[in-house]
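Below is one structure, written out as structure tokens, with a few remarks after it.
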Amino acid sequence: MSTAAAHLTPKNPTTGEPLAPVARTPLAAIDGIVAQARAAQQSWGRLDIDGRIAALGRFGARLADEAVVERLARSITAEMGKPIRESRGEVRNVARRLVAFGERARVAAAEEVAREGGIEVRVRWRPLGVAAVIAPWNYPVATPSNLILSALLTGNAIVFKPSELTPGTGAILHEVLAETLPEGLVGLVQGAGAEGAALVASDVDLIAFTGSIATGQSIMRSAADGLKRLVLELGGKDPMIILPGADLEAATRHAAIEAVRNAGQACVAVERVIVHASLVDEFLERAKALIATLKVGDPMDEKTDIGPMASRAQREWVVHQVASARAQGARVVVEGRSREPGFFLEPTIITDLRQEMSLVREETFGPVVAVEVCSGADEAIAWANGTHYGLGASIWGPAGEPLDRLAERLEAGMIGVNRGLSAAAGGPWVGWKRSGIGYSRSVAGMRNFMQPQSFSRTVGAGT
Ligand code: NAD
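In terms of our numbering, the numbers along the sequence shown are unbroken and rise by one, the last being 468.
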């Protein structure tokens with residue numbers, strides 16, 4: 006095998022220069038890694054929930070160590086361009102979430118007893134076995150960690166495949182897990198689509214995947230052979246609706262900041278802003294002023310708000326979508342230019358979008374405030390629901406019953422009313438329509454990583 010084929014060669018998106026190559030896991034080695042995880046799962050699965058929480062507490066403590074935070078944060082920023090402040094926040098958040106995750110898992114793992122007509126049924130929630138955790142690059146620590154923690158707390162072993170764009174970050178995360186948990190319990194596969202597909206086809210029981218819809222579909226097809234369980238957290242095209250009476254200052258801030266955070270590369274970024282015609286001029290003026298305050302530049306600089314996009318291909322897609330909307334009559338209010346070296350793209354504000362445009366229908370994943378001008382709430386809801394995505398959504402207007410009723414008409418898994426969507430620990434992280442199958446977080450989310458098993462016995466007539 007040539008060196009190129011045997012290694013991943015990620016690029017630093019700030020410079021476009023190659024980073025240190027990372028060895029791909031040979032396809033022939035994947036079955037062995039899964040078998041090792043399966044062997045380690047035997048005793049891990051027998052530990053009670055307190056034992057698992059204690060073991061993962063050691064991982065959390067290690068992750069909260071400032072030297073580890075810094076090492077991971079620098080790796081995230083070098084590999085995918087996130088501003089260093091946000092990279093540190095991403096790592097710290099995982100350590101902070103651990104306690105809440107443990108509590109959800111404790112409730113999810115508790116035995117249930119039902120009695121009816123002299124029969125008692127005891128329901129146990131058991132681990133599934135080995136979970137493949139396949140991750141994207143945009144939050145390369147937080148996103149896989151949510152699934153890894155869910156799988157481990159519920160008694161499973163995992164085999165983790167980071168994105169080919171962020172293999173170094175994945176390797177460090179794996180190292181911290183491996184040094185705090187039983188040997189073999191957490192496997193690592195480095196590679197791209199071929200290695201991911203081989204892991205899906207291997208002897209795993211669950212595939213916990215975060216990434217694009219197209220890859221999710223391919224995984225679902227392959228998983229059908231073994232009827233493997235799936236948790237698929239997929240792409241979004243989150244709409245944000247702004248109606249008359251909304252706090253326009255707060256709404257504009259949310260729209261502008263959440264459309265361009267992480268250079269727009271967040272699954273729950275504000276991808277579409279549907280603004281009432283009576284508000285649009287003021288909205289655009291405010292959004293322009295806000296965007297002008299954001300510093301685009303070297304993501305290692307503490308003052309930077311927006312770093313480069315993660316890859317040249319990602320930037321090309323965003324530039325293409327904006328150009329195509331413009332050619333179809335959309336109006337560019339702020340033109341985001343590409344900057345070299347690296348894969349920088351300044352924020353764009355574009356309005357007068359129509360429903361048939363790609364910028365309205367297909368995930369952008371770039372720093373674009375994309376505005377549709379509506380004539381009323383019914384039209385806004387119909388437009389918001391008009392794509393095959395259904396991850397997040399938000400609606401902004403006068404607080405109260407009518408706004409709550411409108412929010413309930415939105416076809417999305419996670420909805421914010423006069424705020425961004427909630428990622429509170431007690432709620433599920435869930436997509437509707439093609440944005441996902443299965444889900445994580447919350448008690449019910451934990452149970453996606455478990456198998457119920459019932460034991461019945463006769464306890465006497467009429468009991
Ligand atoms: P992607 O689908 O291209 O890749 C994701 C992962 O799947 C990578 O590790 C990749 O190597 C692997 N992969 C590729 N082909 C595979 C195959 N055939 N079988 C198994 N694995 C395979 O996605 P991406 O570009 O890395 O990430 C961006 C996407 O992720 C966006 O659509 C974004 O919305 C989505 N995302 C969703 C959430 C969520 O919570 N719903 C969170 C973050 C990102």
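Positions of the beta carbon are idealized from the N, C-alpha and C atoms, including for glycine.
Under the assumption that residue 135 contacts residue 164 (Cβ atoms under 8 Å), give the Cβ distance between them as a whole number of angstroms. That belief holds up - the Cβ atoms of residue 135 and residue 164 are roughly 6 Å apart, short of 8 Å.
May I ask whether a heavy atom of the ligand NAD can be found less than 8 Å away from the beta carbon of residue 459? False, no ligand heavy atom lies under 8 Å from that Cβ.
Reduced DSSP category for residue 249 - H, G, I as helix; E, B as strand; rest coil: If DSSP states are grouped into helix, strand and coil, residue 249 belongs with coil.
Could you give the C-beta distance for residue 209 and residue 137, rounded to a whole number, given that I count them as a contact under 8 Å? Indeed they touch by this definition, with Cβ atoms about 4 Å apart.
Cβ of residue 443 within 8 Å of any heavy atom in the ligand NAD? No, the ligand NAD has no heavy atom inside 8 Å of this Cβ.
Beta-carbon contacts of residue 390 that lie in its chain and below 8 Å, excluding the five residues immediately before and after: Within the same chain, residue 390 has close Cβ partners 414, 415 and 416.
On the three-pair Cβ rule with 8 Å, is the stretch 378-387 touching the stretch 317-337? Fewer than three pairs of CB atoms, one per stretch, sit closer than 8 Å, so the stretch 378-387 makes no contact with the stretch 317-337.
In chain order, what are the residue ranges of uninterrupted alpha helix (DSSP H) at least 4 long that sit wholly in the stretch 187-245? 198-206 and 218-228, all fully within the stretch 187-245.
Does the beta-carbon of residue 378 have 16 or more other beta-carbons within 10 angstroms, so that it is buried, or is it exposed? Residue burial is scored here from C-beta neighbours: residue 378 has at least 16 other C-beta atoms within 10 angstroms and is therefore classed as buried.
In three-state DSSP terms, what is residue 13? Note: residue 13 maps to strand in three-state DSSP.
Could you spell out where the beta strand (DSSP E) holding residue 136 opens and where it closes? Where residue 136 is concerned, the enclosing beta strand (DSSP E) stretches over 135-139.
Distance CB(residue 397)-CB(residue 441) smaller than 9 Å: At least 9 Å separates the beta-carbon of residue 397 from that of residue 441.
Look up residue 349 in the DSSP assignment and say whether it is helix, strand or coil. Residue 349 falls in the strand class under three-state DSSP.
For residue 455, which residues from the same chain have a beta carbon less than 8 Å from its beta carbon, with the 5 sequence-adjacent residues on both sides left out? The residues are 113, 114, 130, 131, 132, 133, 159 and 160.
If you measure from the CB of residue 167, is any heavy atom of the ligand NAD nearer than 8 Å? Checking the Cβ of residue 167 against the ligand NAD gives yes.
Alpha-carbon spacing of residue 361 relative to residue 350, whole angstroms: Each residue's alpha carbon lies about 25 Å from the other.
Report the rounded CA-to-CA distance for residue 401 versus residue 408, giving the unit in angstroms. Their Cα atoms are separated by approximately 8 Å.
Which residue spans inside the stretch 375-457 form an unbroken beta strand (DSSP E) run of at least 3? With a minimum length of 3 residues, the continuous beta strand (DSSP E) runs that stay inside the stretch 375-457 are 397-401 and 419-422.
Note the first and the last residue of the continuous beta strand (DSSP E) segment covering residue 165. Segment 162-166, the beta strand (DSSP E) holding residue 165.
Cutoff 6 Å; reference residue 250; Cβ partners in own chain excluding five residues on either side: Close CB contacts of residue 250 within its chain, under the 6 Å cut and outside five residues either way in sequence, are with 402 and 403 (chain order).
Less than 8 Å between the CB atoms is what I'm expecting for residue 77 and residue 178, so what's the real figure, rounded? By a beta-carbon distance limit of 8 Å, residue 77 contacts residue 178. Their separation comes to about 7 Å.
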